[in-house]
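Undergrad:
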Ligand SMILES: Cc1cc2nc3c(=O)[nH]c(=O)nc-3n(C[C@H](O)[C@H](O)[C@H](O)COP(=O)(O)OP(=O)(O)OC[C@H]3O[C@@H](n4cnc5c(N)ncnc54)[C@H](O)[C@@H]3O)c2cc1C
């Protein structure tokens, strides 16, 4: 598993933050014991992601862990054979490996079913993959990739197939890191697949089941990818209140001015309503009743409230918001990004509207 180890050896903390989080059980909290998890459920897992984000004040690490948990581990647990789970899921759960999900392409963003990466069957039962992926979270350090490829014509539900491709497979090239202005600490890259041959057993589920794998991953990712943002908002609110109480203008603390008090209350309302919905969704998942409508509603609502929160946050600090130490503008960038990954807010709205019969 050269991906994570090689990346860890070069990273400033030697990869300990990631390894510790996994070894202390964060990535395995939600999965059932039969799959090597702790069986403690989604609400507990979300609380742990929140706590990690609140404690560190950083978005990249919990976002990256969450991306692995929801878009890589979940589908391997649900669709993987016992050999696939032993080979890939076990190392992911103990922090010996990192996983990624590669669906997006340059011309296939929101319109994912139009993706062009192909997988062609060979006479010996192997498959030949060709294409380019982008925006692959964890790609620079991942050891295993869930790759979506076209095995049928058009945008039908049966036109795609998912493959588990280990790093180092001939014809599989991990591209350069994507330089981004949000989610500091998360690593993204593109992938090139050029006559990348994988055995028939690399298929995750059957031929033509790629959309089912995608939808399963998105059901969990859309519901819970924003769990860390609850912790980030909680920390920012606490620090903002402290600043408002300490800083004086016109001989009085900022916290004595109605404009500031109302701003803080609006931030508190955003945080509370985002947290309440996300936790209720996690309880629905624990009860086995999580559906796509609820996942999209959660993603849309939490990202909307996160953005609302971040509209207010810099104004608590005034000019000091531009200082890196307040973290205010970093959070604004994270809030903007939250409207796009795991499907944009427009796409979540489309799904919710369709569910309402529109
Ligand atoms: C930080 C980050 C991490 C990511 N990680 C991964 C990953 O690990 N794996 C992966 O596969 N992908 C990943 N993605 C990709 C992500 O899923 C896509 O960015 C997302 O689906 C949107 O696609 P796009 O960026 O190409 O936007 P586009 O599809 O080009 O959309 C641009 C704008 O047009 C709007 N739009 C598009 N079509 C319509 C329509 N029909 N009606 C109304 N509005 C529309 C969109 O809502 C958006 O506002 C990541 C993205 C980001 C930002």
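In the numbering used here, the protein residues as written are 10 to 367. Every residue, glycine too, gets a C-beta built ideally from N, C-alpha and C. All values reported here derive from a predicted model rather than from experimental measurement.
Do you know offhand how far residue 116's Cα is from residue 259's?
TA: Taking the straight line joining both Cα atoms gives about 55 Å.
Undergrad: Under 8 Å: do the stretch 309 to 317 and the stretch 276 to 283 share three or more Cβ pairs, one atom per stretch?
TA: As far as the Cβ criterion goes, the stretch 309 to 317 touches the stretch 276 to 283, which means the pair count is three or higher.
Undergrad: If residue 306 and residue 361 are in contact, beta carbons under 8 Å, what's the gap, nearest whole angstrom?
TA: Yes, residue 306 and residue 361 are in contact; Cβ-Cβ is about 6 Å, under 8 Å.
Undergrad: Drop a sphere of 10 angstroms on the beta-carbon of residue 146, count the other beta-carbons inside from all chains shown, and report buried for 16 or more, exposed for fewer.
TA: That one is buried.
Undergrad: Quick one: what does DSSP say residue 208 is sitting in, helix, strand or coil?
TA: Three-state result, residue 208: coil.
Undergrad: Assign residue 296 to buried or exposed, taking buried as 16 or more other Cβ atoms, counted over all protein chains shown, within 10 Å of its Cβ.
TA: By the 10 Å Cβ count, residue 296 comes out exposed.
Undergrad: Using a Cβ-Cβ cutoff of less than 7 Å, which residues in the same chain neighbour residue 329 once the five nearest sequence positions on both sides are dropped?
TA: These residues qualify, in order along the chain: 335.
Undergrad: Jot down the residue ranges of each uninterrupted beta strand (DSSP E) in the stretch 30 to 54, minimum 3 residues, whole runs only, in chain order.
TA: Runs of the beta strand (DSSP E) inside the stretch 30 to 54: none found.
Undergrad: Would you give the residue range spanned by the beta strand (DSSP E) that residue 136 belongs to?
TA: Residues 136 to 146.
Undergrad: From 98, 208, 340 and 42, pick the residue whose C-alpha is nearest to that of residue 133; which is it?
TA: Comparing Cα positions, the closest option is 208.
Undergrad: Within 8 Å: the Cβ of residue 125 and any heavy atom of ligand 1?
TA: No.
Undergrad: By the DSSP assignment, the alpha helix (DSSP H) with residue 358 in it spans what residues?
TA: Its alpha helix (DSSP H) spans residues 354 to 364.
Undergrad: What first and last residue would you give for the beta strand (DSSP E) that runs through residue 157?
TA: Run containing residue 157: 153 to 159, per the beta strand (DSSP E) assignment.
Undergrad: Less than 9 Å between the C-beta atoms of residue 61 and residue 327, yes or no?
TA: For residue 61 and residue 327, no; Cβs fall outside 9 Å.
Undergrad: Applying the 10 Å Cβ sphere with the 16-neighbour rule, what's the burial state of residue 160?
TA: Classification for residue 160: buried.
Undergrad: Quick check: does the Cβ of residue 171 come within less than 8 Å of any heavy atom belonging to ligand 1?
TA: Outside the cutoff, so no.
Undergrad: Using 8 Å as the cut-off, classify the Cβ of residue 145 as near or not near the heavy atoms of ligand 1, replying yes or no.
TA: Checking every heavy atom of ligand 1 against the Cβ of residue 145, one is found closer than 8 Å.
Undergrad: So the beta strand (DSSP E) residue 129 belongs to, where does it begin and stop?
TA: Run containing residue 129: 127 to 130, per the beta strand (DSSP E) assignment.
Undergrad: Would you list the one or two residues that DSSP bridges to residue 258?
TA: Bridge partners of residue 258: 261.
Undergrad: Flag residue 354 as yes when its Cβ comes closer than 8 Å to any non-hydrogen atom of ligand 1, and as no otherwise.
TA: Correct: residue 354 has its Cβ closer than 8 Å to ligand 1.
Undergrad: Taking only heavy atoms of ligand 1 into account, decide whether any of them is closer than 8 Å to the Cβ of residue 350.
TA: Yes; taking the cut-off as 8 Å, the Cβ of residue 350 has a heavy atom of ligand 1 nearer than that.
Undergrad: For residue 177 versus residue 198, is the C-beta distance shorter than 9 Å?
TA: No, the Cβ-Cβ distance between residue 177 and residue 198 is not below 9 Å.
Undergrad: From 155, 236 and 179, pick the residue whose C-alpha is nearest to that of residue 220; which is it?
TA: Minimum Cα distance to residue 220 is reached at 155.
Undergrad: Cβ-heavy atom distance between residue 56 and ligand 1 below 8 Å?
TA: Result no, Cβ not under 8 Å from ligand 1.
Undergrad: By how many angstroms is the C-alpha of residue 165 removed from the C-alpha of residue 224?
TA: Rounded to whole angstroms, residue 224 to residue 165 spans 14 Å at the Cα level.
Undergrad: Do you know offhand how far residue 24's Cα is from residue 196's?
TA: One C-alpha to the other measures close to 13 Å.
Undergrad: Just how far apart, CA to CA, sit residue 261 and residue 245?
TA: Their backbone Cα atoms lie some 22 Å apart in a straight line.
Undergrad: For residue 153, count neighbouring C-beta atoms within 10 Å of its own C-beta (all shown protein chains included) and say buried if the count is 16 or more, exposed if not.
TA: Under this definition residue 153 is a buried residue.
Undergrad: Report buried or exposed for residue 331, applying the criterion of at least 16 other Cβ atoms within 10 angstroms of its Cβ.
TA: With fewer than 16 other Cβ atoms within 10 Å, it is exposed.
Undergrad: Closest by CA to residue 44, which one among 172, 98 and 11?
TA: Checked all of 172, 98 and 11; the closest Cα to residue 44 is 98.
Undergrad: Could you pull out every unbroken beta strand (DSSP E) segment of at least 3 residues lying fully inside the stretch 258 to 316, listed in chain order?
TA: Counting only runs of 3 or more, we get nothing.
Undergrad: Between residue 93 and the rest of its own chain, which residues show a CB-CB distance below 8 Å, the 5 nearest in sequence each way excluded?
TA: Excluding residues within five positions, the ones whose Cβ falls inside 8 Å are 85, 173, 210 and 213.
Undergrad: For residue 65 and residue 139, what's the separation of their Cα atoms in angstroms?
TA: Rounded to the nearest angstrom, the two C-alpha atoms are 40 Å apart.
Undergrad: Please list the terminal residues of the continuous alpha helix (DSSP H) segment that includes residue 69.
TA: Residues 69 to 77.
Undergrad: Is it the case that the Cβ atoms of residue 36 and residue 78 are separated by a distance below 9 Å?
TA: Yes, these two residues count as a Cβ contact at 9 Å.
Undergrad: Measuring alpha carbon to alpha carbon, tell me which residue in 230, 68, 88 and 11 is nearest residue 216.
TA: Minimum Cα distance to residue 216 is reached at 88.
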